[in-house]
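J.:
In my numbering, the protein residues as written are 664 to 875.
The structure is reproduced here in structure tokens:
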């Protein structure tokens, strides 16, 4: 208010301005996500691979969303049973994969916890994000990575999401030659997992919601 020479604004006006700001931020994020999808589909998305500390990327992503989990009273746990080897990946894109999976888990979990785990296999590293949320109906597991698909959430929900987070995560994992899939049980929660090869692979052009 001071910027415009007013001593104060009515609460109704402030409430409307906050809503305008929230919607503008939502639309900005949506446009950026659509641009990302278009660039990936046009093979114009830069992927800068380097030797990356996957554990450090996971910790950073968890710290980024920790406040969102605290606001809902959701616990977050890291469960690495062994030392995770270095992966040859773009840390910025893999961090976004984690961020998308974690925010998605927080959105659909009302109580309980979210656990991030990782294990090293002979040819790849597998990372999983497990929540205690509402779960996903079996008939939606085949389409959850499609663009603009929202997991059983009504349109009038206060935080409906954009339906692009999982699609973008899928594309980034693809570009690294990895796999991504989901397992779920309605009422008990979901686990989203993806793999990154320990050796560089060519990107693939198609991906299902279940492992090969």
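Built from N, CA and C at the ideal position, the CB exists for glycine as well.
Rounded to whole angstroms, what is the Cα-Cα separation between residue 854 and residue 749?
T.: For residue 854 and residue 749, the distance between alpha carbons rounds to 23 Å.
J.: Please return the same chain residues whose Cβ sits closer than 6 Å to the Cβ of residue 769, not counting the five positions on each side in sequence.
T.: For residue 769, where only same-chain residues beyond five positions count, the Cβ hits under 6 Å are 731, 732.
J.: Go ahead and label residue 836 buried or exposed: buried means 16 or more other beta carbons lie within 10 angstroms of its beta carbon, across all protein chains shown.
T.: Result: buried.
J.: When you compare only the Cα positions, how much space is there between residue 784 and residue 683?
T.: Distance between the alpha carbons of residue 784 and residue 683 is about 48 Å.
J.: According to DSSP, is residue 819 part of a helix, a strand, or is it coil?
T.: Caution is warranted here: a pLDDT of 43 is assigned to residue 819, below 50, making its placement in the model unreliable, and the coordinate value is therefore given only provisionally. Coil.
J.: Please classify residue 806: is it buried, with 16 or more other beta-carbons within 10 angstroms of its beta-carbon, or exposed?
T.: Exposed, because fewer than 16 other Cβ atoms sit within 10 Å of the Cβ of residue 806.
J.: Residue range of the beta strand (DSSP E) that residue 790 falls in?
T.: Where residue 790 is concerned, the enclosing beta strand (DSSP E) stretches over 787-794.
J.: With 16 as the cutoff for other CB atoms within 10 Å, does residue 724 come out buried or exposed?
T.: Buried, by the Cβ-count rule.
J.: Identify whether residue 680 lies in helix, strand or coil by the three-state DSSP scheme.
T.: It is helical.
J.: According to DSSP, is residue 860 helix, strand or coil?
T.: Strand, per DSSP.
J.: Roughly how far, in whole angstroms, is the beta-carbon of residue 747 from the beta-carbon of residue 765, given that I think they are within contact range, below 8 Å?
T.: Going by Cβ atoms, the distance from residue 747 to residue 765 rounds to 17 Å, so no, they are not a contact pair.
J.: Where residue 736 and residue 851 are concerned, what is the direct C-alpha to C-alpha distance, given to the nearest angstrom?
T.: Their Cα atoms are separated by approximately 17 Å.
J.: Measuring alpha carbon to alpha carbon, tell me which of 795, 710, 848 ends up nearest residue 804.
T.: Of 795, 710, 848, the residue nearest in Cα terms is 848.
J.: Using DSSP with H/G/I as helix, E/B as strand and the rest coil, what is residue 766?
T.: If DSSP states are grouped into helix, strand and coil, residue 766 belongs with the helices.
J.: Take residue 753 and list the residues in its own chain whose beta-carbon comes closer than 6 Å to its own, dropping the five residues that flank it on each side.
T.: Hits under 6 Å: 710, 711, 712.
J.: Excluding sequence positions up to five away, which residues of its chain have a Cβ less than 7 Å from the Cβ of residue 786?
T.: The residues are 860, 861.
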